[in-house]
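Residue numbers (this note's numbering): 1 to 239.
Here a beta-carbon is modelled for each residue, glycine too, at the ideal position from N, C-alpha and C.
Fair warning: this is a prediction, and the values are worked out from it, not measured in the lab.
First up is the structure itself, then whatever we jot down about it.
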Amino acid sequence: MPRVYIHEVVEVDGTRRADYQHHMTANWVPESAAVRRQRCFGVFTLVGSTGPWPRVVNLWEYDSWEDLAHNFSHELGTPGHRDPALARWWAAAASFRKGGHDRILVEHPSNPGVQHWESRGGTAAAAYLHEVFTTPVGGALRLAEELAGGAVEAMSRWAIEPVGLWHTAMRGDDEVVALWRVPDWDSWSAHEGASASGGGYQPDGITGRQRWLLVDAQLSPLRTGRQPTEADRRPLSRE
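Put into structure tokens, the structure is as follows:
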């Protein structure tokens, strides 16, 4: 059974982005991840020169649709549609963020999952390419298969490797999300230079493509090789 993910793009107060990221990792994960049957896959800063800003991207991993449903039932089974045990957490979070856009993602069979990256001590990435592809209705699974083959081979020219590959659920089977590890800035510049001159990888049959540059938050498991713990907590600047 494939793992499923919540993919969040969050608009934050730009002066408190680091506080929000700390709140999502050190303050959320130790309290809530186990009871919600979720793992933190990654927390990232979206490099504003490459997309909307100020934004943070969060990825949460669930072993199954049943675990995602458990998470929803835990959160939504109260009159206020929020876990009352986290009232202080929600109040603080509201001061850091303004809104956002979420997706439910379903992994491709090649997806290794966060525990694989933790076993390697993290990704050792300088940055990540975050790509969203759109296709005609019904084309997402075919595109994901193509990316898992030809794109992985093509990106290896720049020592760029896949970290995650998913298709988006609850829409027309027409969107794929890919996350690529960039080992250093020379690799990034070589790839983007080639892409800008027509030498990058171009999948067949897509109707749109959006690429952002991301970097790890301080306590992102892809950076640290582990899930955040209570020992990571520190006072926030204006909590």
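Review point. Does the segment 32–45 come within contact of the segment 69–85, defined as at least 3 CB pairs closer than 8 angstroms?
Key: The segment 32–45 makes contact with the segment 69–85; the number of CB pairs closer than 8 angstroms reaches 3 or more.
**Study point:** Residue range of the unbroken alpha helix (DSSP H) whose run includes residue 17
**Key:** Taking the sequence shown and counting its residues from 1, the one referred to as residue 17 is at position 17. Looking at the DSSP string, the run of the alpha helix (DSSP H) that includes residue 17 is 17–22.
Practice item. Grab me the residues of residue 155's own chain with a C-beta within less than 8 angstroms of its C-beta, minus the 5 sequence neighbours each way, in chain order. Key: The residue you call residue 155 lines up with position 155 of the sequence shown. Cβ neighbours of residue 155 beyond the five flanking positions: 161, 162, 180, 191 and 201.
Review point. Residue 41 to residue 197, Cα distance in whole Å?
Key: The residue labelled residue 41 in the question sits at position 41 within the sequence shown. The residue labelled residue 197 in the question sits at position 197 within the sequence shown. Looking at the two C-alpha atoms, the distance is approximately 33 angstroms.
Practice item. Would you check if the distance between the CB atom of residue 44 and the CB atom of residue 217 is smaller than 8 angstroms? Key: Walking along the sequence shown from the start, residue 44 turns up at place 44. Walking along the sequence shown from the start, residue 217 turns up at place 217. Cβ atoms of residue 44 and residue 217: closer than 8 angstroms.
Practice item. Output the distance between the C-alpha atoms of residue 183 and residue 129, rounded to the nearest integer angstrom. Key: As a working note, residue 183 is residue 183 in the sequence shown. As a working note, residue 129 is residue 129 in the sequence shown. Those two C-alpha atoms are separated by around 11 angstroms.
Review point. When you compare only the Cα positions, how much space is there between residue 211 and residue 134?
Key: In the sequence shown, the residue the question calls residue 211 occupies position 211. In the sequence shown, the residue the question calls residue 134 occupies position 134. Computed Cα separation, rounded: 12 angstroms.
Exercise for review: Would you mind reading off the limits of the alpha helix (DSSP H) that contains residue 194?
Suggested key: Along the sequence shown, read from residue 1 onward, the residue named residue 194 stands at position 194. Note, residue 194: alpha helix (DSSP H), 185–196.
Check your understanding: Going by alpha carbons, who is nearest to residue 26 out of 172, 93 and 142?
Key -> For this step, residue 26 is matched to residue 26 along the sequence shown. Minimum Cα distance to residue 26 is reached at 93.
Exercise for review: Quick one: which unbroken beta strand (DSSP E) runs of 3-plus residues sit fully inside the segment 104–190? Chain order, please.
Suggested key: 127–134, 161–168 and 175–182
Practice item. Would you mind working out which of 119, 172, 118 and 112 sits nearest residue 178, comparing C-alpha positions? Key: As a first step, residue 178 must be located in the sequence shown, where it is residue number 178. The option with the nearest alpha carbon to residue 178 is 112.
Review point. So who's on the other strand from residue 6, going by DSSP bridges?
Key: As a working note, residue 6 is residue 6 in the sequence shown. 60 and 104, per the DSSP bridge assignment.
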